[in-house]
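Engineer: Shown below is the structure under consideration.
Numbering (the working numbering), first residue to last: 25 to 200.
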């Protein structure tokens, strides 16, 4: 996608903290086994703005906070919290959106089992031009096509490296 090394580092950090706003949601909402009510859905959708508020308290995190706010926007304007259209959505937020959706689909949830990588990838492709940016989905697919099955299905991770790559201010802001 032609991202600079600074942008790559930024999107990496955003990927780690994009759902930090979920700490502000009511207890039990994330683990609810059934469908959400309209009110519960509204609360869940609030996590992006909550995340922005948390991260905006961290010095030098203004851009991270902006990307976190917009990671649930859709290119057709039907996303949240601001209903932005394609060109209004920051590129890095579009990247986080695709990665987040893939992770959600390939992870077990209280209300459903994880789906296989190939099914999630098909669903991403079907949502191009409505929910997701075409170029971002194509780049994501190229990355997954070149990865091992263990990475695609989440059986292997390198989270031990994240401890070295992340900065303490995020944790401090979340508890403030």
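Cβ coordinates follow ideal geometry from the N, Cα and C atoms, glycine included.
(1) In chain order, which beta strand (DSSP E) runs of at least 3 residues are fully inside the region 45-124?
(2) Indicate the three-state DSSP secondary structure (helix, strand or coil) for residue 26 in the structure shown.
(3) Can you tell me which of 155, 137 and 38 puts its alpha carbon nearest to the alpha carbon of residue 85?
(4) Spell out a yes or no on whether the region 51-67 and the region 152-172 are touching, meaning 3 or more CB-CB pairs, one atom from each, closer than 8 Å.
(5) Out of 34, 101, 45 and 60, point me to the one whose CA is closest to residue 135's CA.
(6) Using CA atoms only, rank isn't needed, just tell me which of 45, 138, 72 and 55 is closest to residue 104.
(7) Do residue 117 and residue 97 count as a contact pair if the criterion is CB distance below 8 Å?
(8) How should residue 167 be labelled, buried or exposed, when 16 other C-beta atoms within 10 angstroms of its C-beta is the threshold for buried?
(9) Under 8 Å, do residue 123 and residue 131 count as touching if we go by C-beta distance?
(10) Assuming residue 57 and residue 90 make a contact with CB atoms under 8 Å, what is their CB distance in whole Å?
(11) I'd like to check one pair, residue 78 with residue 120: are the Cβ atoms closer than 8 Å?
(12) Give the C-beta separation of residue 25 and residue 159 to the nearest angstrom, bearing in mind that I take them to be a contact with Cβ-Cβ under 8 Å.
(13) Are the Cβ atoms of residue 42 and residue 75 separated by less than 8 Å?
(14) Whole angstroms is fine: what's the gap from residue 70's alpha carbon to residue 83's?
(15) If we count the other Cβ atoms within 10 Å of its Cβ and call it buried at 16 or more, is residue 161 buried or exposed?
(16) Report yes if the C-beta distance between residue 142 and residue 129 is below 8 Å; otherwise report no.
(17) Evaluate residue 92 with the Cβ neighbour count: other Cβ atoms within 10 Å of its Cβ, from every protein chain shown; 16 or more gives buried, anything less gives exposed.
Structural biologist: According to the data block:
(1) none
(2) coil
(3) Nearest C-alpha to residue 85: 38.
(4) no
(5) 60
(6) 72
(7) The Cβ atoms of residue 97 and residue 117 lie closer than 8 Å to each other.
(8) exposed
(9) no
(10) Wrong, their Cβ atoms sit about 34 Å apart, outside the cutoff.
(11) With contacts defined by Cβ atoms closer than 8 Å, residue 120 and residue 78 do not form a contacting pair.
(12) Yes, they are in contact, since the Cβ atoms of residue 25 and residue 159 sit about 7 Å apart, within 8 Å.
(13) yes
(14) 23 Å
(15) buried
(16) no
(17) In summary, residue 92 is buried, with 16 or more beta-carbon neighbours lying within 10 Å of its beta-carbon over all protein chains present.
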